[in-house]
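*Asks:* Before anything else, here's the structure in question.
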Amino acid sequence: MADELSGLDTFPKLLMHHAKVRGARPAIREKDLGIWQTWTWSEFADEARCLAAGLAAQGLQRGSHIVLISDNRPRLYAMMAAAQCLGAIPVPLYQDAVATEMAFPIQNAQIAFAFAEDQEQVDKLLEILPQCPTLKRIYYDDPRGMRRYAQPELMAYDKLLELGRESHRRDPAYVETEIARGAAGDTAGMFFTSGTTGVAKGVVHTHASLLGPSLTAARMEHLGERDVILAYLPPAWIGQNIFSCAQAFVTGYCICCPESAETVMTDMREIGPTYYFAPPRVLENLLTQVSIRMEDASSVKRWLYRFFMGVANRVGGAILDGKRVGFLERILYWIGDLLVYGPLRNVLGMSRVKVGYTAGEAIGPDLFRFYRSIGINLKQLYGSTETAVFVCIQPDGQVKADTAGPAVPGVELKFSPERELLIRSPGLFREYYRNPEATLQAKDTQGWFHTGDAGYFDPDGHVKIIDRVKDVGALADGTLFAPKYLENKLKFFSYIRETVCFGHQRDKVCAFINIDPDAVGNWAEKRNMPYSGYTDLASRDEVYDLVRECVERVNADLAAEPEIAGSQIHRFLILHKELEADDGELTRTRKVRRGFIGEKYQSLLEALYSPQTTVHVSAQVRYEDGRTGTYSADLKIRDARTFPPAAAKRAA
Amino acid sequence: MILSVEGVSLAFGGVRALQEVSFDVKEHEIRAIIGPNGAGKSSMLNVLNGVYHPQKGTIRFKDKLFHDMDSHQAAELGIARTFQNIALFKGMSVLDNIMTGRNLKMRCNFLQQALWVGAARREEIEHRRAVEEIIDFLEIQHIRKTPVGRLPYGLQKRVELGRALAAEPTVLLLDEPMAGMNLEEKRDMCRFILDVNEHYGTTIVLIEHDMGVVMDISDRVVVLDYGRKIADGSPADVRGNQAVIDAYLGVAH
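Quick mapping for you: the protein sequence lines, in order, are chains A and B.
Under our numbering, the first residue of the first sequence carries the number 1159, and numbering increases by one thereafter.
Under our numbering, the first residue of the second sequence carries the number 11, and numbering increases by one thereafter.
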């Protein structure tokens, strides 16, 4: 494979190579009108070539940027490839971002070109047009609803393609020459970080930094042209870009675009991807659905499920790791595979998964073990936008629930005295766009990237991340306080959706809780407990008791770990509303913004640290029918039992 | 003028549902019929697609004059409708329900269909494509194979609209398409009605109670009260009409 790719150091060169070598193999599929439609590599290359000619005719220059706002669609990937053919830089943006969030990237890079999927995205761009005078051209894919749009900036994708075909006919060598001019060190893409830490920054990656690690990881997992992936996460997130562009371009595997966000489950079952990525939250939702459906199944099925999941729990992981397992257990597992695990994998659409990754957040050990025990090779990896994803990957046979794995070949890792993880790798970004100050802060003069993540190496040399360095704090008495670590432990309970822990420089740890409306709703239904909605459910005494049990189990767990036994959760309350990205409480990738929440709910926080047992709250809420109203009530505050470190074993 | 109704009267025994009602529908417009409960709106719609047969009056459709319509004939002429209280096959999937809307366009006989060879096969593929286009249009891909009975009300209404569209009608009669929906579902439905009107060029006659919706999306409105037409004109005209205000708010006798 190494020989096959020599000299192919940019995305477009690879694309043209695949068109030559495996021109008839599928490159990208999309379900259109209920039928999977395929572009072969040669069709993909042809589309990109013509688009490139069209974009060139429209004035897109080498080194300039083009914004792309679209779901995963073949045409989105063709536009990206086309821009790269000309040496222009694709800048994918999150499709669920509101218009004002899109203005910054466009202003920041003075972008003139944009590609939007449909009317919804076009409307957003038109809305910010006055603030973005540089924006001159907007191409759109789906013309529906835009018949009366007459803005001079707009042009349909089909029109652009037609222009391109004509221009390509006139000068067939032009695009090839432009592709040949590209070099590994050129910028290949720019990704805006989600903004956990304030203003979004454009992370600039070169062809080398995206393709290098992608190739290393692909070799490690033996990925090839016969592999298939379902592209269902936002293209603006670097991970999706790596999985559905960079890695597809180095291996020649096939990318499948689901019909819509709601059909992902069905599409996954139809496609049967062999390579899979899912953040823990997606895996958790899947498991919740399975559990809910199992609870409603007949008693025979429930018994079978419980019995064989017990078997899987004991030996499934070991079998997957190739360890020695007793003969009888093997037979039982085999029967279980026939009756339970196989059908379950099929329902999940994971029958063919050769390797699946999860990353982004800590994953619950039970959740992780569940997937591995039914024979799905799920592994953890560690990476970020700045490192082009692949920093640590757990190799086959060395998979653990609580680590990120050892460094990928070619990556150097070390921890600073403050326990911050530092990285040097070929996948490091070049810079933050037009932000040399931030670049210097993140990447020191020796080329070490400061991740901001705190952790340590475990005895096997795996990296273990506990929290963000800046969030690791201390209680007033100096006890180590890693809020994320606590929050994750709480979130591993299916009843708890989100939680925010406070305790830095205070005398004890207290928490805000968001219950999971599906899981708790189902639990309430089983108990014939009527409720009118989230807010009502969250204020029930029974639900408080349920949550208190979870908190106390976490406390018992913590008591067993000497360094953090002091950071057990003393008091908690259940928030009256779900934390939302739209309200700024979560980032777009659904991470809690602790500082912001602390300020927004100042009064609740103060109440937690006072002897009060209720706190009054009045807030605007939005009902499901779109009306808004004011919610005003007394939230309850409950104490949770804490355990002295010595008593931990017995209580747990 | 694609459709015009002249002097239609309909009575059930002593109950006079419609009395001398006349109005017309222009090609490609969205025409609303409004009125208080029992004003005769649904009866009017039922006359238009041949469910009820008026005792008096004529209906002119595409320059052909009818004394009364026969519902089969109406469907063949290109008049499709949805119902106030959803009339779908609950146990069948969304796809199959919409497929039934293509019933009149199927040419193969029972035997051919059962064997699924030759023409029947080609035909089904062709119809399936048309149905898929409607599914795509109404954004219901995710429930394609779900039995209709399991869907929430708002989606069932959308499926019913899909079935009516499958007949590729020139005139679409919608009987309270938004009844019982929440705000978001209403908004979606409005968007779909406008899209149908624009994209397929379908003429739409709709009955609706939500005045906001009627005023927003319709080109012209006809108002009925106790079986009589009391006003006819643009939404703005109708809104200001004293007779309409009296009919809706009641008036001292």
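Backbone N, C-alpha and C fix where the C-beta goes; we use that ideal spot for every residue, glycine too.
Determine which residues of the region 213–233 of chain B have a Cβ less than 9 Å from any Cβ of chain A, and write them out in chain order.
*Replies:* For the region 213–233 of chain B, which is checked against every Cβ of chain A, not one residue is closer than 9 Å.
*Asks:* Taking 9 Å as the cut-off, decide whether the C-beta atoms of Leu28(B) and Leu234(B) are in contact.
*Replies:* Position 18 of the second sequence, counting from 1, holds the residue named residue 28(B). Position 224 of the second sequence, counting from 1, holds the residue named residue 234(B). For Leu28(B) and Leu234(B), yes; Cβs fall inside 9 Å.
*Asks:* Just how far apart, CA to CA, sit Leu87(B) and Asn56(B)?
*Replies:* Position 77 of the second sequence holds residue 87(B). Position 46 of the second sequence holds residue 56(B). Their Cα atoms are separated by approximately 15 Å.
*Asks:* For a test of the three-state rule: what should DSSP assign to Pro1418(A), helix, strand or coil?
*Replies:* The residue you call residue 1418(A) lines up with position 260 of the first sequence. For the sequence presented, residue 1418(A) should be read as Ser rather than Pro. Coil.
*Asks:* Quick check on Val1458(A): does DSSP put it in helix, strand or coil?
*Replies:* Residue 1458(A) sits at position 300 when you count from the first residue of the first sequence. Val1458(A): helix per DSSP, three-state reduction.
*Asks:* Of all Cβ atoms in chain A, is any one closer than 9 Å to the Cβ of Ile44(B)?
*Replies:* As a working mapping, residue 44(B) is identified with position 34 in the second sequence. Taking Cβ atoms only, chain A never reaches closer than 9 Å to Ile44(B), which makes this a no.
*Asks:* Contact between the region 1221–1241 of chain A and the region 1263–1271 of chain A is defined here as three or more beta-carbon pairs at a separation below 8 Å; is this criterion met?
*Replies:* A contact exists between the region 1221–1241 of chain A and the region 1263–1271 of chain A.
*Asks:* From Asp1190(A) to Met1426(A), what distance separates their C-alpha atoms?
*Replies:* Start at 1 with the first residue of the first sequence, and residue 1190(A) comes out as number 32. Start at 1 with the first residue of the first sequence, and residue 1426(A) comes out as number 268. Using only the alpha carbons, I get a separation of about 15 Å.
*Asks:* Take every Cβ of the region 1371–1378 of chain A, pair it with every Cβ of the region 1592–1603 of chain A, and state whether three or more of those distances are shorter than 8 Å.
*Replies:* In short, these stretches do not touch, since the Cβ pair count stays below three.
*Asks:* To be precise: take each residue of the region 1191–1203 of chain A, compare its Cβ to all Cβ atoms of chain B, and keep it if any distance is under 9 Å. Which residues remain?
*Replies:* Hits within the stretch, in order: Leu1191, Gly1192, Ile1193.
*Asks:* Does Glu1417(A) have its Cβ less than 9 Å from a Cβ in chain B?
*Replies:* Within the first sequence, numbered from 1, the residue matching residue 1417(A) stands at position 259. Yes, because at least one Cβ of chain B sits closer than 9 Å to the Cβ of Glu1417(A).
*Asks:* Measuring only the C-alpha atoms, how far is Asn107(B) from Gly159(B)?
*Replies:* To locate residue 107(B), count along the second sequence from 1; it is residue 97. To locate residue 159(B), count along the second sequence from 1; it is residue 149. Between Asn107(B) and Gly159(B), the C-alpha separation is close to 11 Å.
*Asks:* On a Cα-Cα basis, can you pick out the residue from Arg1327(A), Ser1200(A), Gly1360(A) that is closest to Pro1594(A)?
*Replies:* On the first sequence, position 436 is the one that residue 1594(A) refers to. The candidate whose alpha carbon is nearest that of Pro1594(A) is Gly1360(A).
*Asks:* Return the residues of the region 1290–1322 of chain A that lie within a Cβ-Cβ distance of less than 9 Å from chain B, sorted by chain order.
*Replies:* Correct list: Arg1302, Gly1303, Arg1305, Arg1306.
*Asks:* Are Thr1345(A) and Arg1588(A) touching if we call contact CB-CB under 9 Å?
*Replies:* Taking the first sequence and counting its residues from 1, the one referred to as residue 1345(A) is at position 187. Taking the first sequence and counting its residues from 1, the one referred to as residue 1588(A) is at position 430. Yes.
*Asks:* Could you tell me which chain A residues have their CB closer than 9 Å to the CB of Glu208(B), listed as they occur along the chain?
*Replies:* Taking the second sequence and counting its residues from 1, one reaches residue 208(B) at position 198. Ordered by position in chain A, the residues that pass the 9 Å Cβ test against Glu208(B) are Gly1303, Arg1305, Arg1306.
*Asks:* Roughly how many angstroms separate the alpha carbons of Lys167(B) and Asn119(B), rounded to a whole number?
*Replies:* For the purposes of this step, residue 167(B) is taken as the residue at position 157 of the second sequence. For the purposes of this step, residue 119(B) is taken as the residue at position 109 of the second sequence. Looking at the two C-alpha atoms, the distance is approximately 31 Å.
*Asks:* Compare the C-alpha of Thr1771(A) against each of Pro1617(A), Val1408(A), Asp1699(A), Gly1610(A) and name the closest.
*Replies:* Within the first sequence, numbered from 1, the residue matching residue 1771(A) stands at position 613. Comparing Cα positions, the closest option is Asp1699(A).
*Asks:* Indicate whether Ala1517(A) and Phe1435(A) have their beta-carbon atoms separated by less than 9 Å.
*Replies:* Sequence index remark: in the first sequence, residue 1517(A) carries index 359 (1-based). Sequence index remark: in the first sequence, residue 1435(A) carries index 277 (1-based). It is a contact, given that the beta carbons lie within the stated cut-off.
*Asks:* For Leu1437(A), I'd like the list of residues in its chain whose CB is within less than 6 Å of its CB, leaving aside the five on either flank, ordered along the chain.
*Replies:* Here the question's residue 1437(A) lines up with position 279 in the first sequence. Here residue 1437(A) is Pro; the residue named in the question, Leu, does not match the sequence. The residues are Gly1518.
*Asks:* Chain A partners of Asp198(B), CB-CB under 7 Å?
*Replies:* In the second sequence, residue 198(B) corresponds to position 188, counting from 1. Correct list: empty, because the minimum Cβ distance to chain A is about 11 Å.
*Asks:* I want to know whether the region 196–213 of chain B touches the region 1291–1310 of chain A - three or more CB-CB distances under 8 Å.
*Replies:* Enough Cβ pairs lie closer than 8 Å, so yes.
*Asks:* Would you check if the distance between the CB atom of Gly1494(A) and the CB atom of Val1458(A) is smaller than 9 Å?
*Replies:* Here residue 1494(A) is taken as the residue at index 336 of the first sequence, counted from 1. Here residue 1458(A) is taken as the residue at index 300 of the first sequence, counted from 1. Their beta carbons are not under 9 Å apart, which means Gly1494(A) does not touch Val1458(A) by this criterion.
*Asks:* When burial is assigned at 16 or more other CB atoms within 10 Å of the CB, is Lys51(B) buried or exposed?
*Replies:* Start at 1 with the first residue of the second sequence, and residue 51(B) comes out as number 41. Lys51(B) comes out buried.
*Asks:* List the residues of chain B whose Cβ lies closer than 7 Å to the Cβ of Thr1122(A), in chain order.
*Replies:* Past the edges of chain A, shown from 1159 to 1810, lies residue 1122(A), and the structure says nothing about it.
*Asks:* Quick one: what's got a C-beta closer than 8 Å to Gln1279(A)'s C-beta in the same chain, skipping five residues either side?
*Replies:* Counting from one through the first sequence, the residue named residue 1279(A) turns up at place 121. Same-chain partners within the cutoff: Ile1227, Ser1228, Gln1253, Tyr1298.
*Asks:* Give me whichever residues DSSP pairs with Phe1573(A) in a beta bridge.
*Replies:* In the first sequence, the residue the question calls residue 1573(A) occupies position 415. Leu1579(A), per the DSSP bridge assignment.
*Asks:* Is DSSP giving Arg196(B) helix, strand or coil here?
*Replies:* Counted from its first residue, the second sequence places residue 196(B) at position 186. The sequence as given places Lys at residue 196(B); Arg does not occur at that position. Helix.
*Asks:* Does the structure place the region 1323–1330 of chain A close enough to the region 1204–1213 of chain A that three or more beta carbon pairs sit under 8 Å?
*Replies:* Yes, since at least three Cβ pairs between the region 1204–1213 of chain A and the region 1323–1330 of chain A fall closer than 8 Å, the two stretches touch.
*Asks:* Between which two residues does the alpha helix (DSSP H) holding Asp1229(A) run?
*Replies:* Here the question's residue 1229(A) lines up with position 71 in the first sequence. Neither: Asp1229(A) is in no alpha helix (DSSP H) and is coded neither H nor E.
*Asks:* Quick one: grab the DSSP three-state call for Tyr1692(A).
*Replies:* Residue numbering aside, residue 1692(A) sits at position 534 when the first sequence is read from its first letter. It is helical.
*Asks:* Would you tell me roughly how many angstroms separate the C-alpha atoms of Phe1615(A) and Glu1645(A), rounded to the nearest one?
*Replies:* Taking the first sequence and counting its residues from 1, one reaches residue 1615(A) at position 457. Taking the first sequence and counting its residues from 1, one reaches residue 1645(A) at position 487. Computed Cα separation, rounded: 22 Å.
*Asks:* Is there a C-beta anywhere in chain B that falls below 9 Å from the one on Thr1424(A)?
*Replies:* The count along the first sequence starts at 1 and reaches residue 1424(A) at position 266. Closer than 9 Å: yes.
*Asks:* For the alpha helix (DSSP H) containing Cys1208(A), list its first residue and its last residue.
*Replies:* Taking the first sequence and counting its residues from 1, one reaches residue 1208(A) at position 50. Note, Cys1208(A): alpha helix (DSSP H), 1199–1215.
*Asks:* Which residue marks the beginning of the alpha helix (DSSP H) containing Leu1373(A), and which one marks its end?
*Replies:* In the first sequence, residue 1373(A) corresponds to position 215, counting from 1. Where Leu1373(A) is concerned, the enclosing alpha helix (DSSP H) stretches over 1365–1378.
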